[in-house]
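Presented below is the structure to which this report refers.
Numbering (our numbering), first residue to last: 1384 to 1464.
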């Protein structure tokens, strides 16, 4: 059986997005030491920028079903050379 790419992507990413759980508890996970706009501590030459945040949904299967949406802060370094 051949699986179409769009079907395969839906299996990997999940069927329902975060908007499907309006009553879910939302938890923010910020980086403890690094913030956007700071200089890179490792090389002292790059600048830390904010990156698209990651969203993870954890569903508990007890009755009634509950969901927790975890928003994780992602950062990346931009070289200034």
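Glycine residues also receive a C-beta, built at the ideal position from the N, C-alpha and C atoms. Predicted, not measured: the structure shown is a model, and the values here were computed from it.
Beta-carbon proximity of residue i to residue j, cut-off 8 Å
i	j	result
residue 1436	residue 1456	yes
residue 1429	residue 1462	yes
residue 1459	residue 1434	yes
Pick from the options that is closest to residue i, judged by C-alpha positions
i	options	result
residue 1405	1461, 1440, 1425	1440
Close beta carbons around residue i, own chain, < 6 Å, minus the five adjacent residues each side
i	result
residue 1408	1451
residue 1391	Low local confidence applies: a pLDDT of 46 at residue 1391 is under 50, so the model's placement there is unreliable, with the coordinate-based value given in what follows. None.
(request) Report yes or no: do the region 1411–1428 and the region 1441–1448 share at least 3 C-beta pairs separated by less than 8 Å? (result) no
Query raised in the report: What are the uninterrupted segments assigned as beta strand (DSSP E) that are 3 or more residues long and contained completely in the region 1399–1425, given in chain order?
Result: 1408–1412
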